[in-house]
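K.L.:
Top line first, the protein sequences correspond to chains A and B.
According to the numbering used here, the first sequence is numbered sequentially starting from 1.
According to the numbering used here, the second sequence is numbered sequentially starting from 234.
Protein chains: 2
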Amino acid sequence: MLETAENYDASKYERPSVTADVVILTLREQDLQVLLIKRARWPYDGSWAIPGGFVEKDESLRQAALRELREETGVTDVYLEQLYTFGDPGRDPRTRVITVAYLAVTSADQIDPRAGSDAAEARWWSMYALPPSLAFDHDQILDYALTRLRYKLEYTAVGFQLLPKEFTLPELQAAYEIILGEMLDKGNFRKKLARANVVEPTGQYRQTAGRPAELYRYRQDAVAETRARRLFP
Amino acid sequence: MLETAENYDASKYERPSVTADVVILTLREQDLQVLLIKRARWPYDGSWAIPGGFVEKDESLRQAALRELREETGVTDVYLEQLYTFGDPGRDPRTRVITVAYLAVTSADQIDPRAGSDAAEARWWSMYALPPSLAFDHDQILDYALTRLRYKLEYTAVGFQLLPKEFTLPELQAAYEIILGEMLDKGNFRKKLARANVVEPTGQYRQTAGRPAELYRYRQDAVAETRARRLFP
DNA sequence: TAAATAGTGTCTCTTAGACAATATTAT
DNA sequence: ATAATATTGTCTAAGAGACACTATTTA
Numbered sequence: 001m002l003e004t005a006e007n008y009d010a011s012k013y014e015r016p017s018v019t020a021d022v023v024i025l026t027l028r029e030q031d032l033q034v035l036l037i038k039r040a041r042w043p044y045d046g047s048w049a050i051p052g053g054f055v056e057k058d059e060s061l062r063q064a065a066l067r068e069l070r071e072e073t074g075v076t077d078v079y080l081e082q083l084y085t086f087g088d089p090g091r092d093p094r095t096r097v098i099t100v101a102y103l104a105v106t107s108a109d110q111i112d113p114r115a116g117s118d119a120a121e122a123r124w125w126s127m128y129a130l131p132p133s134l135a136f137d138h139d140q141i142l143d144y145a146l147t148r149l150r151y152k153l154e155y156t157a158v159g160f161q162l163l164p165k166e167f168t169l170p171e172l173q174a175a176y177e178i179i180l181g182e183m184l185d186k187g188n189f190r191k192k193l194a195r196a197n198v199v200e201p202t203g204q205y206r207q208t209a210g211r212p213a214e215l216y217r218y219r220q221d222a223v224a225e226t227r228a229r230r231l232f233p
Numbered sequence: 234m235l236e237t238a239e240n241y242d243a244s245k246y247e248r249p250s251v252t253a254d255v256v257i258l259t260l261r262e263q264d265l266q267v268l269l270i271k272r273a274r275w276p277y278d279g280s281w282a283i284p285g286g287f288v289e290k291d292e293s294l295r296q297a298a299l300r301e302l303r304e305e306t307g308v309t310d311v312y313l314e315q316l317y318t319f320g321d322p323g324r325d326p327r328t329r330v331i332t333v334a335y336l337a338v339t340s341a342d343q344i345d346p347r348a349g350s351d352a353a354e355a356r357w358w359s360m361y362a363l364p365p366s367l368a369f370d371h372d373q374i375l376d377y378a379l380t381r382l383r384y385k386l387e388y389t390a391v392g393f394q395l396l397p398k399e400f401t402l403p404e405l406q407a408a409y410e411i412i413l414g415e416m417l418d419k420g421n422f423r424k425k426l427a428r429a430n431v432v433e434p435t436g437q438y439r440q441t442a443g444r445p446a447e448l449y450r451y452r453q454d455a456v457a458e459t460r461a462r463r464l465f466p
């Protein structure tokens with residue numbers, strides 16, 4: 001339709017607000033957990049939400065996500081990737097808000113205890129037992145994040161981000177099992193890992209209730225090759 | 234203090250403009266081609282750009298992309314997925330612009346000839362011989378689109394979107410070869426396709442310079458199964 | 001019959017997955 | 001020795017990839 005003074009809708013050209021929200025995932029307590037913040041006012045007063053904030057004038061989307069991450073957890077060295085952009089009208093009742101969602105994956109021992117030391121209440125939640133009511137469309141965002149993580153686990157080295165620098169193969173396998181939600185065969189898991197040539201033994205061992213487990217580290221020079229093909233082909 | 238939506242001071246931030254840009258891909262002339270528009274003013278006057286426009290107040294991001302697509306090509310029934318969001322400051326010298334890029338894949342015979350009938354000059358370009366200077370960061374967006382398409386080709390049914398409803402297996406294989414940029418083995422290609430159980434013969438044949446080729450169609454009820462696992466396992 | 005194209009079959013090597021066997025520690 | 005855990009090996013079926021072969025049309 002031709003636009004005239006009669007039907008001109010000024011609000012049509014209002015610029016939306018843009019936020020960067022970060023799904024921060026880690027392994028804690030033999031569980032895949034996400035950091036959420038409790039909202040203290042309308043809308044979704046009392047609901048839990050993914051941390052995020054407005055993208056500032058002179059920062060990139062990624063910088064905005066990194067800033068949020070740092071403010072919430074103190075973490076700076078982290079795996080971070082853009083997930084998806086959510087922008088349905090009405091997803092925020094206050095105004096039009098477009099949210100660029102990021103996925104951050106880090107090992108629990110990287111996280112600074114001052115996490116959530118700001119006014120807002122913040123805590124870790126199991127991805128498998130989320131609070132009953134999440135703010136906005138944040139349930140969708142978390143769904144999407146889990147799907148993406150599971151997917152990436154199969155053909156990138158993101159899994160190693162969840163563990164400390166040194167780890168045993170049974171620990172690595174447990175991490176995979178927690179994230180994928182299924183048990184893996186010990187022998188086959190190790191076979192794949194060996195073929196991918198992506199970890200190397202440190203020569204040291206970790207005590208267990210039975211035979212000690214050898215410690216491994218992620219091969220730094222493996223990154224280049226892993227980009228090219230599936231980690232577990 | 235941590236900035237959240239709670240203490241947001243509207244005056245403190247300039248809101249960015251948000252556009253939805255659509256990479257429209259199709260097979261034409263035994264080639265993978267993309268629809269680009271020639272810019273007629275600063276910035277990037279004379280450069281070619283991906284079609285796109287501002288997201289309006291009451292439409293979703295996807296709706297905005299569909300609207301752009303319809304305006305440019307007349308196509309409504311199309312494969313459309315969100316690609317990535319580009320938002321570096323300075324990518325548009327006029328103001329802060331955040332672009333949600335979409336990938337549209339359609340068969341050439343779906344496209345209405347009124348494509349590009351708007352003032353701007355529009356034409357198809359080979360993805361393998363793009364114009365030398367693209368506007369903004371649109372070279373990055375096209376790079377990303379091709380990567381994603383190649384990737385999706387392997388484990389979704391997106392390839393069938395590029396062909397008419399009925400096609401021969403050599404035609405399908407040629408489409409795959411054009412997109413992947415490599416030759417495929419006839420026998421192995423057909424074996425995979427058979428295993429995936431994703432096409433069915435129509436019983437009709439197409440004339441060629443040699444033995445006629447049987448026409449196939451995409452199995453509609455195959456969609457559900459293809460979602461679950463790789464199309465070509 | 002020859003050329004051109006469509007369609008099928010076969011062989012080998014690799015991998016996935018299920019499962020079993022062995023190794024090394026603590027109690 | 002037994003329990004607990006780590007680590008390695010074996011068997012089978014399926015799939016990938018290279019390649020050769022057969023089938024059906026036109027000229």
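Don't be surprised by glycine CBs; every beta carbon is placed ideally from N, CA and C.
Just so we're clear, the structure is a prediction, and the values are computed from it rather than from any experiment.
Within a Cβ cutoff of 6 Å, which residues of the same chain sit near Arg248/B, ignoring the five residues on either side of it in sequence?
P.N.:
Within the same chain, Arg248/B has no close Cβ partners at all.
K.L.:
Go ahead and label Tyr218/A buried or exposed: buried means 16 or more other beta carbons lie within 10 angstroms of its beta carbon, across all protein chains shown.
P.N.:
Label assigned to Tyr218/A: buried.
K.L.:
How many Å lie between Thr226/A and Leu153/A at the Cα?
P.N.:
Reliability fails at Thr226/A, whose pLDDT of 49 lies under 50, so the model's placement of it is uncertain and no value is given.
K.L.:
For the segment 297-320 of chain B, which residues have a beta carbon sitting closer than 9 Å to at least one beta carbon of chain A?
P.N.:
Per Cβ criterion, the list reads Ala297, Gln315, Tyr317, Thr318, Phe319, Gly320.
K.L.:
Could you please give the first and the last residue of the uninterrupted beta strand (DSSP E) stretch that includes Tyr84/A?
P.N.:
Per DSSP, Tyr84/A belongs to the beta strand (DSSP E) from 79-86.
K.L.:
Could you work out which residue in Leu336/B, Pro322/B, Asp325/B is closest to Leu302/B when comparing CA atoms only?
P.N.:
Ranking Leu336/B, Pro322/B, Asp325/B by Cα distance to Leu302/B puts Leu336/B first.
K.L.:
Can you list, in chain order, the residues of its chain with a C-beta nearer than 6 Å to that of Val311/B? Leave out the 5 residues immediately preceding and following it.
P.N.:
Around Val311/B: Ala337, Thr339.
K.L.:
Do Ala368/B and Ser280/B have their CB atoms nearer than 8 Å?
P.N.:
Yes; because the gap between Cβ atoms is below 8 Å, this pair is in contact.
K.L.:
Using a Cβ distance threshold of 8 Å, determine whether the segment 83-90 of chain A contacts the segment 140-151 of chain A, with at least three qualifying pairs required.
P.N.:
They touch, by the three-pair rule.
K.L.:
Since Ser293/B and Gly87/A should fall inside the 8 Å C-beta cutoff, what is the C-beta to C-beta distance between them, to a whole number of angstroms?
P.N.:
Ser293/B to Gly87/A, Cβ: 6 Å. Contact.
K.L.:
For Ala40/A, tell me which candidate among Phe54/A, Ala122/A, Asn188/A has the shortest Cα-Cα distance.
P.N.:
Per the Cα distances, Ala122/A.
K.L.:
Does Glu14/A come within less than 8 Å of chain B when only Cβ atoms are used?
P.N.:
For Glu14/A, the answer is yes, since a Cβ of chain B falls inside 8 Å of its Cβ.
K.L.:
Count Cβ pairs between the segment 411-424 of chain B and the segment 434-450 of chain B that sit closer than 8 Å; are there 3 or more?
P.N.:
Flag = no, the segment 411-424 of chain B and the segment 434-450 of chain B do not touch.
K.L.:
Looking at the C-beta of Arg329/B, does it have a partner C-beta in chain A at a distance below 8 Å?
P.N.:
Cβ-Cβ to chain A under 8 Å: yes for Arg329/B.
K.L.:
Measuring only between beta-carbons, confirm whether Asp291/B sits less than 8 Å from chain A.
P.N.:
By this cut-off, Asp291/B is an interface position.
K.L.:
Per DSSP, Val100/A is paired with what?
P.N.:
Val100/A is bridged to Ala20/A, Thr85/A.
K.L.:
Can you tell me where the alpha helix (DSSP H) with Gly420/B in it begins and where it stops?
P.N.:
First-last of the alpha helix (DSSP H) with Gly420/B: 419-429.
K.L.:
My output table needs one value for Thr389/B: the three-state DSSP class, helix, strand or coil.
P.N.:
If DSSP states are grouped into helix, strand and coil, Thr389/B belongs with coil.
K.L.:
Counting only Cβ pairs nearer than 7 Å, list the residues of chain A close to Ser250/B.
P.N.:
Within chain A, the residues near Ser250/B are Arg15.
K.L.:
Please report the straight-line C-alpha distance between Arg329/B and Ile98/A, rounded to a whole angstrom.
P.N.:
Each residue's Cα considered, the two are about 14 Å apart.
K.L.:
Assuming Leu25/A and Leu32/A form a contact by the criterion Cβ under 8 Å, report the distance between their Cβ atoms to the nearest whole angstrom.
P.N.:
Yes, Leu25/A and Leu32/A are in contact; Cβ-Cβ is about 6 Å, under 8 Å.
K.L.:
Determine the chain A residues that contact Pro322/B at a beta-carbon separation under 8 Å, and present them in chain order.
P.N.:
The answer, in chain order, is Lys57, Asp58, Glu59, Ser60.
K.L.:
What does the alpha-carbon distance come out to for the pair Gly74/A and Pro43/A?
P.N.:
For Gly74/A and Pro43/A, the distance between alpha carbons rounds to 27 Å.
K.L.:
Thinking Ala334/B and Asp278/B are a contact (beta carbons under 8 Å), I'd like their distance in whole angstroms, please.
P.N.:
About 22 Å; that fails the 8 Å criterion.
K.L.:
For Ile50/A, does the three-state DSSP call read helix, strand or coil?
P.N.:
It is coil, neither helix nor strand.
K.L.:
Would you grab the beta carbon distance between Ala446/B and Leu405/B for me? Rounded to a whole angstrom, and I think it's under 8 Å.
P.N.:
Not a contact, Cβ separation roughly 10 Å.
K.L.:
Starting from Val333/B, find everything on chain A with Cβ-Cβ shorter than 9 Å and list it in chain order.
P.N.:
Here the neighbours are Thr85, Gly87, Ile98, Val100.
K.L.:
Please classify Met183/A as buried or exposed, where buried requires at least 16 neighbouring CB atoms within 10 angstroms.
P.N.:
Exposed.
K.L.:
With Tyr438/B as the anchor, note down where its beta strand (DSSP E) starts and where it stops.
P.N.:
Looking at the DSSP string, the run of the beta strand (DSSP E) that includes Tyr438/B is 432-439.
K.L.:
Here's a check: name, in chain order, each residue in its chain whose Cβ is nearer than 6 Å to the Cβ of Gln220/A, leaving out the five neighbours to either side.
P.N.:
Here the set comprises nothing.
K.L.:
Could you tell me the distance, in whole angstroms, from the CA atom of Phe393/B to the CA atom of Phe400/B?
P.N.:
Going by the C-alpha atoms only, they are around 9 Å apart.
K.L.:
Taking Cβ to Cβ, would you say Ile178/A is nearer than 8 Å to Gln63/A?
P.N.:
Result no, Cβ atoms of Ile178/A and Gln63/A do not sit closer than 8 Å.
K.L.:
Nearest to Ala157/A by CA position, among Tyr176/A, Asp185/A, Arg206/A, is which residue?
P.N.:
The shortest Cα separation from Ala157/A among Tyr176/A, Asp185/A, Arg206/A belongs to Tyr176/A.
K.L.:
Can you look up Glu240/A in the DSSP assignment and give me helix, strand or coil?
P.N.:
Nothing can be reported for residue 240/A: it is not among the residues displayed for chain A, which extend from 1 to 233.
K.L.:
Would you grab the beta carbon distance between Leu180/A and Arg150/A for me? Rounded to a whole angstrom, and I think it's under 8 Å.
P.N.:
Confirmed, about 6 Å.
K.L.:
Let me confirm a value: Ala298/B is counted as buried when at least 16 other C-beta atoms fall within 10 Å, else exposed. Which label applies?
P.N.:
Ala298/B comes out buried.
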